[in-house]
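If you're matching positions, the sequence shown starts at 10 in our numbering and goes up one per residue.
What follows is a short report on a single structure.
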Amino acid sequence: MDNYTVAPENDYDVFITDDPDCCVTEKPPTPELVSAQQVLGFCCAVFAVGLLDNAVAVFMLVRYKGLKNVGSIYLLNLAAANLCFLLPLPFWAHAAALGESPGNGTCRILVGLHSTGLYSEALFNILLLVQGYKVFSQGRLSSALTAVPGSVVTSALAWAIAIALSLPESVLYRPQREREKLKCAFGKPHFLPIEEPFWKHFLTLKMNILVLVFPLLVFIFCCGQLRKTQSTRERQNDLRKLALVMAGVFLWMWAPYGIVLFLFEFREHSSLQDEENRYHLEASIQVTQLIATAHCCVNPLICLLLDKAFTSYLCSLFPRCNDAPFQRRGDSQRATPRSGRDQTVELYHIVPQRQDT
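Following this line, the structure appears as structure tokens:
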């Protein structure tokens, strides 16, 4: 008689299957509103346009306008910050389209360069606004901060601060995993390089405060001071408007991305916890990230439209553009810089103090 043991009725059978995904809870789908090829085309287009117009801006500032005034020095640094922001785009676009990711060390450098460009853009926009307010207030601020030697020191300090602010992003960076591969690509916000909630919340708050809140407060203050200018005609001809428009466009293009990213990362503390809201927020991040990335192409175009000296110097390189719509009458006669001595044009002209009668 064979010996055997009857299994108790309350024991459980173990079911083994060859399908590893049968018992794994499926993650909610991630929206893909923009394909990898579209990301590649967008990044290449933004890189080409941004590299061209910012390089032209640097050439104009160095060759024609000169670096003999504070405004030109800050504009030159702002163009350099735009170039830092642009440089990682081809690498990320290549990784997104072809699935070939750079090494971990290269990814850290790209993330640090991208973050440094972003924070330095915010800082130099603030410095341009402060310079405009200094001219309006006629010496209420220390002249050491707004003289040419002081502006060089201030620019170096701004770059050092931007590099220091970008260190957490590059040090804490971890390549994102997509389809069982580590990938360093354009997509996930690169100032959220890790998955720990504390650091994601910290980096999100840091980006929003430094890139949106602080520049917005300075922008609102300077706009209020600009309204005190003596006359409407003076306001229209005042080149301080150039800095205000640059800062306004920067904030306008980055604000949607910062707000949506903030709502997404802090959704567990609000009523946006369900999967439908999560899906819509991720889709919004993809769209607003593209808009925010394109901001680095806009500043030279603003200079072309608002700075008559910049337009004149550019038309001196292309004589046929003297009849362009943005070239006003009388500007074409001043288009060619004088040989032997280039006339430097102050970014901000002095507004006479209002005299009480």
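Glycine included, C-beta positions come from ideal geometry on N, C-alpha and C.
Residue i: first and last residue of the uninterrupted alpha helix (DSSP H) it sits in
i: A288; result: Residue identity check: residue 288 is Tyr in the sequence provided, not Ala. Element bounds for Y288: E284 to T302.
i: F75; result: The question names Phe, but residue 75 in the sequence shown is Gly. Run containing G75: none; DSSP gives neither H nor E here.
i: L221; result: Segment: none, L221 is in no alpha helix (DSSP H) and carries neither H nor E.
i: L313; result: N308 to L315
i: V71; result: It is not in any alpha helix (DSSP H) - V71 carries neither H nor E in the DSSP assignment.
i: S175; result: V157 to V180
i: E274; result: R249 to E274
Pairwise C-alpha distance: residue j and residue i
i: L176; j: S325; result: 42 angstroms
i: E285; j: L272; result: 14 angstroms
i: V65; j: W101; result: 25 angstroms
i: P224; j: V139; result: 11 angstroms
i: L310; j: H289; result: 33 angstroms
i: F133; j: N86; result: 7 angstroms
i: F259; j: D283; result: 32 angstroms
i: Y83; j: A252; result: 10 angstroms
i: A89; j: Y182; result: 24 angstroms
i: H304; j: M262; result: 6 angstroms
i: I218; j: H278; result: 19 angstroms
i: G80; j: R287; result: 44 angstroms
i: R337; j: A264; result: Note that R337 scores 47 on pLDDT, short of 50, meaning its location in the model is unreliable; the coordinates nonetheless yield the value given after this. Using only the alpha carbons, I get a separation of about 34 angstroms.
i: A256; j: E130; result: 9 angstroms
i: A45; j: L95; result: 18 angstroms
i: A301; j: V307; result: 11 angstroms
i: Q47; j: H103; result: 11 angstroms
i: V55; j: V254; result: 21 angstroms
i: L369; j: Q298; result: This structure leaves residue 369 out entirely; the chain is present only between 10 and 366.
i: G49; j: G59; result: The sequence as given places Leu at residue 49; Gly does not occur at that position. Between L49 and G59, the C-alpha separation is close to 15 angstroms.
i: L315; j: N91; result: 19 angstroms
i: A173; j: G121; result: 10 angstroms
i: L61; j: G267; result: 27 angstroms
i: K317; j: C116; result: 41 angstroms
i: K143; j: L313; result: 24 angstroms
i: M216; j: S164; result: 20 angstroms
i: V67; j: L323; result: 12 angstroms
i: L221; j: F228; result: 10 angstroms
Beta-carbon separation (whole angstroms), residue i vs residue j, contact threshold 8 angstroms
i: G141; j: R249; result: 4 angstroms
i: C52; j: L98; result: 4 angstroms
i: L270; j: T213; result: 6 angstroms
Residue i beta carbon near the ligand FMN (any heavy atom closer than 7 angstroms)
i: I294; result: Of ligands this structure carries none, so the ligand FMN is not represented either.
Could you check whether the segment 164 to 180 touches the segment 281 to 299, counting it as contact only if at least three pairs of C-beta atoms, one from each stretch, sit closer than 8 angstroms? no
Whether or not the segment 219 to 235 and the segment 111 to 123 are in contact is what I'm after, with contact meaning three or more pairs of Cβ atoms, one per stretch, closer than 8 angstroms; do they touch? no
Would you be able to state if there are at least three C-beta pairs under 8 angstroms between the segment 65 to 77 and the segment 117 to 131? Because the criterion of three Cβ pairs below 8 angstroms is not met, the segment 117 to 131 and the segment 65 to 77 do not touch.
Within the chosen definition, does the segment 155 to 162 reach the segment 203 to 213 through at least 3 CB pairs nearer than 8 angstroms? With a cut-off of 8 angstroms, the segment 203 to 213 and the segment 155 to 162 do not count as touching, because too few Cβ pairs lie within range.
Give, in chain order, every unbroken run of the beta strand (DSSP E) that is at least 3 residues long and sits entirely within the segment 85 to 136. Look at the segment 85 to 136 and you find no whole run of beta strand (DSSP E) that is 3 residues long or longer.
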